[in-house]
Amino acid sequence: MTRRLLLSYLGLAILVLAGLEIPLGWIYARGEVSRASQRVERDASMLAEVTEENIEKGNLDALPDVVGDYAIRTGGRVVVTDKHGVVLADSAPSGRTGISIAAQPDIARALRNQPTVATGNEALSATMPGSSGTTIRGTLRLTYPMTEVNARIHRIWGSLALAGASILAAVALAAFTLARWITRPLRTLEAATTQLADGPLTHPPDATTGPPELRRLTTSFTHTATRLQQLLQAQQAFASEASHQLKTPLTALRLRLENFEPYLDPRAHPSLEEAVGEVERLSRMVHGLLALARLENSATTPEPVDLDTVITDRVAMWEPLAAEQHVALAVTGRAAGRVRAIPGALEQVIDNLIANALRVSPTGTTITVHRAPGAELHVIDQGPGMTDTDRARAFDRFWRASDSHHDGTGLGLPIVRHLINASGGTITLHPAPGTGLDAHIRLRPATTPPRGDFSSRRARDRRTPAADRR
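In structure tokens, the structure reads:
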């Protein structure tokens, strides 16, 4: 932002200087040319009077001295002709006398008693008739090179450019100081927001410098960040306390219900089993909520993880349980290598997805864990699948499909999505070929530089229990 402010100030200064200096230089250049043209015209008129007098008196030998002295003093060139246009004197060393130049336009006009003043790129010229009244005795042409005029014009342009550069340097220094002063609160705010995203805010932004509006913004941010940290601490304390306060009553309730079994009429046993099942489901739901709260309240940075090792380990762990249900587990695709993920996330993700797939897989089917190029992973089952509406809502907390007949809590996929997002990846659900569901995960290869614009979360010291996607 400092650079953009500095460039805007300099751009504005350049526009102002250009609007002032360019017209000023142009006006001066035109004035210099006009003054030089007037001087040449005046000198030509004076010399024309002198040469006309010498021609009238027949003193032609004095003409070379007159024009030569003027040429030496001013650097101009003087050509004098008689009334027929024949050259009588030429101040140029290479000039020739005795030749007629009456055909030249300016000489022809002067012979008709009409003066001519011309301004060219190389020289200024003035041609005057040498006359007394209407009697033409000769002409005089004075040519003055534009070298000195152009040199003076270039000097003024150089002076204007030097003045503009000095002004721009002063403006740049002042603009840089002002821009740093304005953006200092923004830099401290940026550092504070980065720190807050990664954890507690231990260095609040400086609210004593910068414009009043930014100081008020900094103060409001500090107050908001402090309040947010207090709320997060209260939530973490609640999660920690609830973990101890809820598990004991639920365990005691389950034991008491099970103790009722010898004393109940056999006809009440089904209701007792349903009650125990609901208590177990409530216990799993509490565990899931506490795990999700820990994920949201704990931050870490994704690290390189060997995806192939994780897949091999988790599939080996689930194979005995899958074999009991007569369901096969298969790993396909080329080795995926190392990917970026928060510690422990991939294990929980694969556990949840395989557990979900086992719950819906019919006997004799296969659950495929497929590795695709680009750090992509597919967990594909051959169950009943999901409708488009169900897939759109599958990541909502506590949501279960209307045709679900098992006791899932509806927290498994929300936990999976949170872990994947925290690792910088994405997860989507698609219909599998034929029948079933394809959970498509896209991760970041470990060779990809970690992004610094997000804060990732993870669960610590606990493995999230598998939950249902329905």
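For the sequence shown, the numbering used here assigns the number 1075 to the initial residue and increments by one for each residue that follows. C-beta: ideal position from N, C-alpha, C; glycine also.
Proximity of the stretch 1165–1175 to the stretch 1189–1201 falls short of the contact definition, fewer than three beta-carbon pairs being nearer than 8 angstroms. Secondary structure remark: continuous beta strand (DSSP E) runs of at least 3 residues inside the stretch 1166–1210, in chain order: 1190–1193, 1197–1206. Partner residues in the beta bridge of L1403, as assigned by DSSP, are I1441. Restricting attention to beta strand (DSSP E) runs no shorter than 3 residues, the stretch 1207–1256 encloses them at 1209–1219, ordered along the chain.
The C-beta distance from R1388 to D1425 rounds to 6 angstroms, short enough to fall under 8 angstroms. Taking a 10 Å sphere around the C-beta of I1101, we find fewer than 16 other C-beta atoms and assign the residue as exposed. Shown here, T1292 sits in a helix according to DSSP, grouped into three states. Unbroken alpha helix (DSSP H) runs of no fewer than 4 residues, entirely contained in the stretch 1089–1163, are found at 1137–1148, following chain order. A direct Cα-Cα distance of roughly 10 angstroms separates E1377 from P1519. With contacts defined by Cβ atoms closer than 8 angstroms, E1106 and S1205 do not form a contacting pair. Exclusion of the five residues before and after A1468 leaves M1460, L1487, L1503, R1543 as the residues of its chain whose Cβ lies within less than 7 angstroms of its Cβ. For the pair of segments examined, the stretch 1234–1249 was found not to touch the stretch 1213–1223: the number of CB pairs separated by less than 8 angstroms stays below three. Per DSSP, L1275 is not a residue of any beta strand (DSSP E), being assigned neither H nor E.
The three-state reading of DSSP puts L1517 in coil, since its state is none of H, G, I, E or B. R1414 is classed as buried because its beta carbon has at least 16 other beta carbons within 10 Å across all chains shown.
Looking from the CA of R1226, the closest CA among G1499, P1417, A1103 belongs to A1103. Inclusion of L1427 and L1381 in the CB contact set at 8 angstroms is not warranted, their separation being larger than that value.
Proximity to A1163 across H1452, N1133, R1186 peaks at N1133, based on C-alpha coordinates. Three or more Cβ pairs closer than 8 angstroms define a contact, and the stretch 1333–1341 falls short of that threshold against the stretch 1290–1304. L1503: member of the beta strand (DSSP E) spanning 1500–1505, first to last residue. Shown here for P1219: same chain residues with a beta carbon closer than 6 angstroms to its own, the five before and five after excluded, namely A1197 in chain order. E1450 is bridged by DSSP to A1446, R1516.
Check the Cα spacing between G1438 and each of V1401, L1091, N1187, Q1307: the tightest is with V1401. Assignment of R1414 by DSSP, reduced to helix, strand and coil, places it in the strand class.
D1470 carries a coil assignment under DSSP once its states are collapsed to helix, strand and coil. For the 8 angstroms CB-CB criterion, P1278 and A1265 do not form a contact. Contact between G1407 and H1444 is confirmed by a C-beta separation of about 5 angstroms, below the 8 angstroms threshold. In the displayed model, L1338 falls within coil according to three-state DSSP, outside both helix and strand.
Boundaries of the beta strand (DSSP E) around D1380: 1377–1380. Non-local beta-carbon contacts of A1281 in its own chain, meaning distances under 7 angstroms to residues more than five positions away in sequence, involve R1289, T1292, T1293, T1296 in chain order.
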